[in-house]
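In the working numbering, the protein residues as written are 1187 to 1753.
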């Protein structure tokens, strides 16, 4: 039975479409193919979400969350398109090279290919499930025809757009193959994620994570190939951005994350090897086995992070010294400011964690409300640093992410002697969105604050964009939760907990923070080009998304807010 469009449009879908329309309305005519492709992607994702929501349970997703397919599918492509709009302004002002614009164009199409691949996969799974349940389900035929038309038209627009930035048909074919690899890798990765970590994420959250990982590590692979095999592979495919705007800090962060990815695979292999040849028939005590596993963990981690990861960094970028001494040289280039910041952060973290941990054990306060104090802590830690030491904050975010990843590996594998302690400590701050398999809240808060800052490196004519995560999560989300919990009466929906009073408080608090931040940035030398009406639209749209979505708001809201601030 067909579903009318009005009944299919819930609050989350309406806000997402408003978000997409706001970005499309700001596009220059030169980006018209990109606008058409994003429109087709949005319509296709809406059809797929409706189909999946009305199908039997296809995947073991996070309880209490909607599928979030349309939000997960359009977020990354829209972020890339907003950045593309910003770089188009830079090209018209001759402030960047055309190569950066071409690189961002490829990133947009790669993000779109990741989402499109997942949508095709989800539609096929939902189609098979629906036909298996009811072979005479005629609405599936209409859905299939419409979806196939969207995919074909999207592919045609993609080919035309890539042909305009390629010199030959061979280069266009290679780029299309590169995009197909992105889509295929994302589909395989989301299948692995949903099966390995059941009930840990919604489909939209899994789509955002897997697309982001494929996009990020695909860029690393492209950078490596362009450096090592520059003579064998056409440079337009993989080396558009190499050598233009890659900073040492960006390469260090990528190298550390690559090292941790390699380490997790190597460590798992070594543990299986050790258990097969030695551990299975050994009669030693459990404590001694745990010590051996801990030694394997530390040895492999140290070797990869000191030898393997820096070797990759030195391949893709010409460091004057080894990357590890370079990090210390960078920190001690301004020793008083940066060491003072480190001490300030450590004092804040120690006092806050000790206080909040005791409260979490002895108080009946809701976990979700207690964790908002960490959002305020993020404001105290990151806001002054972003204004006065932005490059140091870039590196600090990378270090914090690496520490979080190592601690999560220690917690999951129960590495002696910290594994159980880390698990007990982290469990004190979990809520319904976390599970014993993987705890994601601290990652989403850190990345929600860090990603807008990292993406604002290079040309940026909108000074508020680096603050998108800090403002939306540290101030807006926190005020919305606290005011809504204490004073909220009018709810947005009968089944949800979000209140109109909380949303209004969140929007008002972010606007007030912007009114303070803009003059402060002007006093530090920023040239302000943002006007209040676009800021108001961005704040209101992200605030409404926080009110309606059941997805992990730490992951989506900063990206949506960042995209709207770029316009």
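All C-beta atoms, glycine included, are put in the ideal place defined by N, C-alpha and C.
The model shown is predicted, which means the values in this text are computed figures rather than measured ones.
Query, Result
"Beta-carbon proximity of residue 1373 to residue 1309, cut-off 8 Å", "no"
"Residue(s) in a DSSP beta bridge with residue 1677", "1685"
"Exposure label - residue 1291; buried when at least 16 CB within 10 Å", "buried"
"DSSP-derived helix/strand/coil call for residue 1520", "coil"
"Nearest to residue 1730 (by Cα), restricted to the options 1753, 1678, 1699, 1721", "1678"
"CA-to-CA distance, residue 1655 to residue 1741, given in whole angstroms", "9 Å"
"Counted within 10 angstroms of its Cβ, other Cβ atoms place residue 1428 as buried (16 or more) or exposed", "Reliability of the predicted coordinates at residue 1428 is poor, the pLDDT of 44 falling under 50, and no value is obtained from them."
"Backbone CA spacing between residue 1520 and residue 1506 [nearest angstrom]", "19 Å"
"Reduced DSSP secondary structure (H/G/I, E/B, other) of residue 1427", "No answer about residue 1427 holds up, because its pLDDT of 42 lies below 50 and its placement is not dependable."
"Cβ distance (whole Å) where residue 1273 is taken to contact residue 1262 below 8 Å", "At roughly 16 Å, the Cβ-Cβ gap does not stay under 8 Å, so residue 1273 and residue 1262 are not in contact."
"Three-way DSSP call (helix, strand, coil) for residue 1358 in this model", "helix"
"Residue from 1647, 1739, 1663 with nearest C-alpha to residue 1276", "1647"
"Contacting residues, own chain, Cβ-Cβ under 7 Å from residue 1336 (five flanking each side not counted)", "1226, 1229, 1230"
"Delimiting residues of the alpha helix (DSSP H) encompassing residue 1414", "1389 to 1414"
"Contact under 8 Å by Cβ, residue 1175 with residue 1749", "As displayed, the chain neither begins before 1187 nor continues past 1753, which places residue 1175 out of reach and without an answer."
"contact_flag[the region 1693 to 1707, the region 1206 to 1217] where n(CB pairs < 8 Å) is 3 or more", "no"
"Test item: CB-CB of residue 1244 and residue 1238 under 8 Å", "yes"
"Beta-carbon gap between residue 1388 and residue 1737 smaller than 8 Å", "yes"
"Status (buried if at least 16 other CB within 10 Å, exposed otherwise) for residue 1426", "Confidence at residue 1426 is low in this model, with a pLDDT of 40, below 50, so its placement is unreliable and no value can be given for it."
"Own chain partners of residue 1652 with C-beta closer than 8 Å, once the 5 adjacent residues on each side are dropped", "1572, 1576, 1638, 1639, 1642, 1646"
"Beta-carbon contacts of residue 1604 that lie in its chain and below 6 Å, excluding the five residues immediately before and after", "1596"
"Span separating the alpha-carbon of residue 1423 from that of residue 1411", "Legend: pLDDT at residue 1423 = 46, less than 50; position of this residue unreliable, no value from coordinates given."
"6 Å Cβ shell around residue 1254 - same chain, five flanking residues per side excluded", "1388, 1390, 1737"
"Proximity winner among 1570, 1541, 1703, relative to residue 1528 (alpha-carbon distances)", "1570"
"Beta-carbon proximity check, residue 1441 vs residue 1495, cutoff 8 Å", "yes"
"Residue 1235, enclosing alpha helix (DSSP H) - first and last residue", "1218 to 1239"
"Residue range of the alpha helix (DSSP H) that includes residue 1266", "1255 to 1278"
"Inter-residue spacing [alpha-carbon to alpha-carbon] between residue 1358 and residue 1345", "8 Å"
"Test item: CB-CB of residue 1362 and residue 1348 under 8 Å", "yes"
"Cβ distance (whole Å) where residue 1624 is taken to contact residue 1403 below 8 Å", "The pair is not a contact, with the Cβ atoms about 19 Å apart (cut-off 8 Å)."
"Residue from 1747, 1704, 1706 whose Cα sits closest to the Cα of residue 1725", "1747"
"Unbroken alpha helix (DSSP H) run spanning residue 1581, endpoints", "1576 to 1599"
"Environment of residue 1381 [buried if 16+ CB atoms lie within 10 Å]", "exposed"
"Check whether residue 1202 and residue 1256 have beta carbons under 8 Å apart", "yes"
"Closest Cα partner of residue 1508 within the set 1405, 1434, 1397", "1434"
"Proximal residues to residue 1660 (C-beta, below 8 Å), its chain only, five neighbours per side dropped", "1561, 1562, 1564, 1565, 1568, 1569, 1635"
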